[in-house]
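When we follow the working numbering, the leftmost residue of the sequence shown carries the number 8, and every step to the right adds one. Glycine included, C-beta positions come from ideal geometry on N, C-alpha and C. These numbers were taken from a predicted model, which means no experiment stands behind them. What follows is a short report on a single structure.
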Amino acid sequence: MNIQELKNNIDTIVNNTSSKDEKLQQICDYLASEISYYDWVGFYFRNGDKKELKLAQFNGEPTEHTIIPFGKGICGQVAVSNENFVVQDVSEQDNYISCGWKVKSEIVIPIFVNGENIGQIDIDSHTVNPFTPNDEALLEYVCDKVASFI
Numbered sequence: 008m009n010i011q012e013l014k015n016n017i018d019t020i021v022n023n024t025s026s027k028d029e030k031l032q033q034i035c036d037y038l039a040s041e042i043s044y045y046d047w048v049g050f051y052f053r054n055g056d057k058k059e060l061k062l063a064q065f066n067g068e069p070t071e072h073t074i075i076p077f078g079k080g081i082c083g084q085v086a087v088s089n090e091n092f093v094v095q096d097v098s099e100q101d102n103y104i105s106c107g108w109k110v111k112s113e114i115v116i117p118i119f120v121n122g123e124n125i126g127q128i129d130i131d132s133h134t135v136n137p138f139t140p141n142d143e144a145l146l147e148y149v150c151d152k153v154a155s156f157i
């Protein structure tokens with residue numbers, strides 16, 4: 008994984024003239040195509056004033072989890088904790104919402120705008136234990152960039 012090259016290409020997407028939704032989709036598509044173990048890439052955002060997340064753009068198999076209550080599953084826990092959550096083996100998590108039998112690991116990074124958690128990027132992998140500190144650093148960078156145009 009060439010982090011700098013990935014960051015540069017994310018910058019190119021963020022700085023293009025596409026709409027917000029198009030940029031989010033382009034980021035999902037780019038990450039899914041460039042990182043072999045990113046099998047599902049998507050964004051969830053707070054659903055208005057409700058204590059729930061709503062699925063936005065994604066790349067991967069469709070999910071029935073289009074609304075996730077705060078506190079439920081990995082995404083819901085990040086909405087409450089405001090902290091990164093790296094799960095190298097989902098079978099070891101009690102509060103996990105299964106998105107499919109193929110999913111073995113998940114990483115969720117919150118997106119902050121003016122200090123408020125407004126959403127997150129969610130990555131599912133069909134591989135156990137794939138995520139490194141480089142993944143966390145890259146996805147934090149992506150979230151910072153998304154915050155700049157949301």
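Look up proline 137 in the DSSP assignment and say whether it is helix, strand or coil. coil
For proline 76, which option in Tyr103, Glu41, Glu143, Ala154 has the closest C-alpha, if you only look at C-alpha atoms? Comparing Cα-Cα distances from proline 76 to each of Tyr103, Glu41, Glu143, Ala154, the minimum goes to Tyr103.
To the nearest angstrom, how far is the alpha carbon of threonine 24 from that of glutamine 64? So the alpha carbons of these two residues sit roughly 18 Å apart.
Using a Cβ-Cβ cut-off of 8 Å, state whether glycine 49 counts as contacting chain E. Here chain E cannot be found, since the structure has a single protein chain.
Suppose the cutoff is 7 Å on Cβ atoms and the five residues either side in sequence are ignored; what does the same chain contact list for asparagine 16 look like? Excluding positions up to five away in sequence, the list reads Tyr37.
What first and last residue would you give for the beta strand (DSSP E) that runs through asparagine 124? 123–132
Apart from the five residues on each side of it in sequence, which residues of its chain come closer than 6 Å, Cβ to Cβ, to isoleucine 34? Answer for isoleucine 34: Ile20, listed in chain order.
Below 7 Å CB to CB, which residues in the same chain sit around lysine 171 once its five sequence neighbours on both sides are set aside? No answer is possible for residue 171: it lies beyond the span of the chain, which begins at 8 and ends at 157.
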